[in-house]
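Participant:
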Amino acid sequence: MNNYQITKLINNNVVFSQDEEQNEIILFGKAIGFGKKSGDLVEAAQVLKIFAAADPKEKNYLSNLVEDINPIYIDIASEIISLFESRLEVKVNDMMMISLSDHISNAVANKKDGFELPLDIIQEVKNIYPKEFMIAKAGLGIVERETGVSLSEDEAGYIVLHYISSQGNTFRSDTKYRLLFQERIISDIEEYLNVKLDRSSLYYTRFLTHLSFLAARIHDGNFSSEGNSSLYKIFIKEHPELEGCVEKNVQTIADEFHVVINEEEKGYLAVHINNMLKSIQRGDKQ
60 MNNYQITKLI NNNVVFSQDE EQNEIILFGK AIGFGKKSGD LVEAAQVLKI FAAADPKEKN
120 YLSNLVEDIN PIYIDIASEI ISLFESRLEV KVNDMMMISL SDHISNAVAN KKDGFELPLD
180 IIQEVKNIYP KEFMIAKAGL GIVERETGVS LSEDEAGYIV LHYISSQGNT FRSDTKYRLL
240 FQERIISDIE EYLNVKLDRS SLYYTRFLTH LSFLAARIHD GNFSSEGNSS LYKIFIKEHP
300 ELEGCVEKNV QTIADEFHVV INEEEKGYLA VHINNMLKSI QRGDKQ
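So this is what it looks like as structure tokens:
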């Protein structure tokens, strides 16, 4: 196509359009929406990335996500991805730009609130993916340059995990194992708390991503029984109503997947569960 007609303007760098088959697509590009409105045209040469949803559920997810993200984080993610592509001479899956934008946005917000999410497998990431880790550390410099926020080395590890996932190599975990693991944990939460989790919520999607990485580490024998207990102790003190649910998850993982979950991982579970519950209470999709 020589150009695209804007169907919805998100911000200066993101617009909605349609392809030749009238399927909705999302266009990313520097200033492609600047000074424009619905019905105006965008030249194909201005478009950096094009995203097409595979199904209605994915379409809703992408729409909610790109509308929620400050465009500065899309620019940051795009620059970091360019580092991976140029230094490793690879083509990164386009979806990484969206998932990484979302992650960095949350990481910066958490840091401003005085909270950082540690990565308990940071040493494994450094050892297994040393080149990728150095690139991710350079990416943290981009984040600090653009936002003024200095993120911890753990966040470089998370960036590497996003890259590895985009390459279809999420610690080589078996897909059926991950799906079963996710299904059992979600089922436990809904049954214990007598709640129906919102499958279209971004918090639900983030939780599934966390469970996928956790299942992969367990499946591949990379899960450590040691971990920092402070996060769980502090969080449960503030949210005691979640302790029983987390312990139910821990028991299921021990009984069915034969791993004892450490206190640090219990803290992550509690944080994610709380985010999903708050999202339901607010009735939002964030």
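Per this note's numbering, residue 60 is the first one in the sequence shown, and the count goes up by one each step. Just so it is clear, CB atoms sit at the ideal spot from N, CA and C, and this is done for glycine as well.
#1: Does the pairing of the stretch 237-246 with the stretch 264-276 give three or more beta-carbon distances under 8 Å?
#2: Please identify the residue among M155, H162, N129 whose C-alpha is closest to the C-alpha of S141.
#3: Which word fits G92, buried or exposed, when buried means at least 16 other C-beta atoms lie within 10 angstroms of its C-beta?
#4: Is Q64 helix, strand or coil by DSSP?
#5: Please return the same chain residues whose Cβ sits closer than 6 Å to the Cβ of G198, not counting the five positions on each side in sequence.
#6: Got a sec, what are the start and stop residues for the alpha helix (DSSP H) I157 sits in?
#7: Quick check on F282: does DSSP put it in helix, strand or coil?
#8: So, using beta-carbon positions, are Y291 and K325 closer together than 8 Å?
#9: According to the Cβ coordinates, are K196 and A215 closer than 8 Å?
#10: What distance in whole Å lies between the Cβ atoms of D161 and I135, which are believed to be in contact at a cut-off of 8 Å?
#11: Using alpha carbons as the reference points, say which of I244, D78, V167 lies closest to A63.
#12: In the structure shown, what three-state DSSP assignment does L86 receive?
#13: Can you name the start and end residues of the alpha helix (DSSP H) that K292 belongs to?
#14: Here's the rule I'm using: 16 or more other beta-carbon atoms within 10 Å means buried, otherwise exposed. How should A104 be labelled?
#15: Note down the Cα distance separating H331 from E175, rounded to an integer number of angstroms.
#16: Looking at C-alpha atoms only, which residue of K255, F192, V73 is the closest neighbour of R146?
#17: Flag this pair as yes or no: are the beta carbons of E144 and I69 separated by less than 8 Å?
#18: Thinking C-alpha only, which one of R265, A111, V254, L210 is nearest E80?
#19: Just verifying my parser: in three-state terms, what is the DSSP assignment at V151?
Facilitator: The short version:
#1: yes
#2: Along the sequence shown, one-based indexing puts residue 141 at 82. Nearest option by C-alpha distance: M155.
#3: Position 33 of the sequence shown, counted from the start, is the residue given in the question as residue 92. With 16 or more Cβ atoms within 10 Å of its Cβ, G92 is classed as buried.
#4: Taking the first residue of the sequence shown as position 1, residue 64 is located at position 5. Three-state DSSP puts Q64 in a strand.
#5: Numbered from its first residue, the sequence shown carries residue 198 at position 139. Closer than 6 Å at Cβ, skipping near neighbours: I139, I218.
#6: What you label residue 157 is simply residue 98 of the sequence shown in a count that begins at 1. 154-171 is the span of the alpha helix (DSSP H), which, as asked, contains I157.
#7: By one-based count along the sequence shown, residue 282 stands at place 223. Three-state result, F282: coil.
#8: Translated into positions along the sequence shown, residue 291 becomes position 232. Translated into positions along the sequence shown, residue 325 becomes position 266. Cβ distance < 8 Å, so Y291 and K325 count as in contact.
#9: Against the sequence shown, residue 196 aligns to sequence position 137. Against the sequence shown, residue 215 aligns to sequence position 156. The answer is yes: Cβ separation under 8 Å.
#10: Along the sequence shown, one-based indexing puts residue 135 at 76. Along the sequence shown, one-based indexing puts residue 161 at 102. The pair is not a contact, with the Cβ atoms about 11 Å apart (cut-off 8 Å).
#11: Counting from 1 along the sequence shown, the entry for residue 63 is found at position 4. It is Tyr, not Ala, that sits at residue 63 in the sequence shown. Comparing Cα-Cα distances from Y63 to each of I244, D78, V167, the minimum goes to D78.
#12: Walking along the sequence shown from the start, residue 86 turns up at place 27. DSSP places L86 in strand when its eight states are reduced to three.
#13: In the sequence shown, counting from the first residue as 1, residue 292 sits at position 233. Here the alpha helix (DSSP H) through K292 covers 289-297.
#14: Translated into positions along the sequence shown, residue 104 becomes position 45. With fewer than 16 other Cβ atoms within 10 Å, it is exposed.
#15: Locating residue 331 in the sequence shown gives position 272, where the first residue counts as 1. Locating residue 175 in the sequence shown gives position 116, where the first residue counts as 1. Going from the Cα of H331 to the Cα of E175 covers about 14 Å.
#16: Position 87 of the sequence shown, counted from the first residue, corresponds to residue 146. Cα-wise, what sits closest to R146 is F192.
#17: Residue 144 sits at position 85 when you count from the first residue of the sequence shown. Residue 69 sits at position 10 when you count from the first residue of the sequence shown. No, they are not a contact pair.
#18: To locate residue 80, count along the sequence shown from 1; it is residue 21. The residue with the shortest Cα to Cα distance from E80 is A111.
#19: The residue given as residue 151 occupies position 92 in the sequence shown. Note: V151 maps to coil in three-state DSSP.
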